[in-house]
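FYI, in the numbering used here the residues of the sequence shown are 3 to 274.
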Amino acid sequence: MTSLKSKPITNLSVQEAFMLAHRRHHHTITLFRLLILITFLTLWEYTTRAGYVDIFFFSSPSAIVKYLYQMTIDSSLFRHTGITLLETIVSFLLVTSLSLIIAMLLWYQGSLSEILEPYLVVLNSLPKSALAPLLIVWLGTGSKTIIVAGISVAIFGSIISLYTGFCQSDEEMLKLILTLGGSRKDALFKVILPSSIPLIISNMKVNIGLCLVGVIIGEFLAARRGLGYLIIYGSQVFQLNMVITSIMILCAIAMGLYKIIQSLEHWYKKAG
């Protein structure tokens with residue numbers, strides 16, 4: 003009489019099954035995203051060719067591809083996209099570093115946070131487009147004004163978010179390190195910051211989009227190059243291909259920058 007031996011379920015096989023299911027889920031999500039995009043572009047192209055939608059006002063995917071090719075040939079694509087991308091990255095790096103430093107100072111000096119909190123709330127609530135004319139008067143036109151406009155959109159909300167996250171750190175860990183003779187500085191660098199890395203990365207994901215918005219607002223008013231300038235100029239001369247192509251490029255930039263930070267988040271989770 004033969005006995006059947008069942009293969010034991012090990013932790014490795016469970017992990018492999020989980021990873022396989024995770025990959026399948028990820029591939030399914032990606033497939034549906036592509037299907038939505040392809041369906042939208044197909045319907046857009048069809049409605050313009052069939053005359054249901056006026057191509058002069060709404061352009062079409064084929065017209066955008068032709069204009070994109072034209073911009074590539076005359077190098078305007080790289081010139082305008084490059085300047086907008088550079089201004090966005092500079093604004094983002096300054097917002098990330100300044101907001102982190104200021105949030106650390108606010109947590110370290112509790113009285114300072116009580117003094118500055120109402121001002122931060124007011125400045126965060128202020129429509130940043132209202133500041134753009136003042137920035138032009140103070141700083142003139144050019145990249146400096148646009149970078150400051152990008153910073154102004156994101157920095158105050160970033161400071162408030164980081165400071166709030168710092169204040170919600172593990173109270174027991176803070177009490178423990180202070181009880182063992184550690185200083186408030188030790189608590190900041192050994193408890194607050196290490197436990198707040200997911201918050202900082204999440205904050206960066208929000209800031210990259212806000213900085214891009216701020217840069218475009220600045221380019222609307224104070225630029226002679228960049229994608230924001232192309233959008234304003236194209237709308238003034240009724241070249242809607244230029245406007246919509248610039249918007250599509252902005253969508254690609256926003257997605258690319260977001261994916262970079264998301265990759266950083268995934269790397270941190272795996273390393274942790």
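Idealized CB from N, CA, C, for every residue including glycine.
- Task: Specify the secondary structure class of Arg-226 as computed by DSSP and reduced to three states.
- Result: Reading the sequence shown from its first residue, position 224 is the one you call residue 226. Here Arg-226 sits in coil by DSSP.
- For Gly-220, collect the residues of the same chain with a Cβ closer than 8 Å to its Cβ; drop the 5 residues on either side in sequence, then sort them by chain order. Position 218 of the sequence shown, counted from the first residue, corresponds to residue 220. Closer than 8 Å at the Cβ level, and outside the excluded window around Gly-220, lie Glu-89, Ala-134, Leu-137, Thr-147, Ile-148, Ile-149, Val-150, Ala-151, Gly-152, Gly-230.
- Cβ shell of Ile-157 (< 7 Å), same chain only, five flanking positions each side left out: Position 155 of the sequence shown, counting from 1, holds the residue named residue 157. Cβ neighbours of Ile-157 beyond the five flanking positions: Val-97, Leu-100, Ser-101.
- Applying the criterion that 16 or more other CB atoms from any shown protein chain within 10 Å of the CB defines a buried residue, is Gln-264 buried or exposed? In the sequence shown, the residue the question calls residue 264 occupies position 262. Exposed.
- Inside the segment 118-184 only - beta strand (DSSP E) runs reaching at least 3 residues: none
- Could you pull out every residue in the same chain whose Cβ sits closer than 7 Å to the Cβ of Ile-210, ignoring the five residues on either side in sequence? In the sequence shown, counting from the first residue as 1, residue 210 sits at position 208. For Ile-210, where only same-chain residues beyond five positions count, the Cβ hits under 7 Å are Phe-94, Leu-259, Tyr-260, Ile-263.
- Message: Does Met-3 come out as helix, strand or coil in the three-state DSSP assignment?
- Response: Position 1 of the sequence shown, counted from the start, is the residue given in the question as residue 3. Note that Met-3 scores 46 on pLDDT, short of 50, meaning its location in the model is unreliable; the coordinates nonetheless yield the value given after this. Reduced to three states, the DSSP call for Met-3 is coil.
- Item | DSSP state of Asp-188 mapped onto helix, strand, coil | For this step, residue 188 is matched to residue 186 along the sequence shown. Residue state, collapsed to three classes: helix.
- Task: With a 10 Å radius around its C-beta and 16 neighbouring C-beta atoms as the bar for buried, classify Ser-5 as buried or exposed.
- Result: For the purposes of this step, residue 5 is taken as residue 3 along the sequence shown, with counting starting at 1. With a pLDDT of only 49 at Ser-5, under 50, the local geometry of the prediction cannot be trusted, and the value read off the model is given with reservation. With fewer than 16 Cβ atoms within 10 Å of its Cβ, Ser-5 is classed as exposed.
- Query: Considering Ile-103, what are the terminal residues of the alpha helix (DSSP H) in which it resides?
  - Reply: One-based indexing of the sequence shown puts residue 103 at position 101. Looking at the DSSP string, the run of the alpha helix (DSSP H) that includes Ile-103 is 78-110.
- Message: Just to confirm my understanding: we take His-268, look at its own chain, exclude 5 residues before and 5 after, and list those with CB closer than 6 Å. What are they?
- Response: Sequence index remark: in the sequence shown, residue 268 carries index 266 (1-based). Answer for His-268: no residue qualifies.
- Can you tell which of Ser-248, Asp-76, Leu-214, Leu-108 has the C-alpha that lies nearest to the C-alpha of Thr-166? Position 164 of the sequence shown holds residue 166. Of the candidates Ser-248, Asp-76, Leu-214, Leu-108, the one whose C-alpha sits nearest the C-alpha of Thr-166 is Leu-108.
- Item | Distance, Ser-145 Cα to Ala-273 Cα | Along the sequence shown, one-based indexing puts residue 273 at 271. Along the sequence shown, one-based indexing puts residue 145 at 143. Whole-angstrom Cα-Cα distance: 37 Å.
- Message: For Leu-43, tell me which candidate among Arg-26, His-29, Ala-65 has the shortest Cα-Cα distance.
- Response: Position 41 of the sequence shown, counted from the first residue, corresponds to residue 43. The shortest C-alpha separation from Leu-43 is found at Ala-65.
- When the Cα atoms are used, what is the spatial distance from Tyr-270 to Met-21? Position 268 of the sequence shown, counting from 1, holds the residue named residue 270. Position 19 of the sequence shown, counting from 1, holds the residue named residue 21. Cα to Cα, the separation comes out at about 18 Å.
- Could you spell out the range, first to last residue, of the alpha helix (DSSP H) harbouring Phe-60? Residue mapping note: residue 60 aligns to position 58 of the sequence shown, counting from 1. Start and end: 57-60.
- Query: Under a three-way DSSP split, which group does Val-16 fall into?
  - Reply: Position 14 of the sequence shown, counted from the first residue, corresponds to residue 16. Helix at Val-16.
- Would you give the residue range spanned by the alpha helix (DSSP H) that Ser-265 belongs to? Here residue 265 refers to the residue found at position 263 of the sequence shown. Looking at the DSSP string, the run of the alpha helix (DSSP H) that includes Ser-265 is 242-273.
- Message: For Ile-75, report the span of its alpha helix (DSSP H) as first-last.
- Response: For the purposes of this step, residue 75 is identified with residue 73 of the sequence shown, where counting begins at 1. Ile-75 -> alpha helix (DSSP H) spans 63-75.
- Task: With DSSP collapsed to three states, give me the class of Tyr-54.
- Result: The count along the sequence shown starts at 1 and reaches residue 54 at position 52. Reduced to three states, the DSSP call for Tyr-54 is coil.
- Query: Since Ser-163 contacts Asn-205 with CB under 8 Å, what's their CB separation in whole angstroms?
  - Reply: Looking up residue 163 in the sequence shown gives position 161. Looking up residue 205 in the sequence shown gives position 203. That belief holds up - the Cβ atoms of Ser-163 and Asn-205 are roughly 5 Å apart, short of 8 Å.
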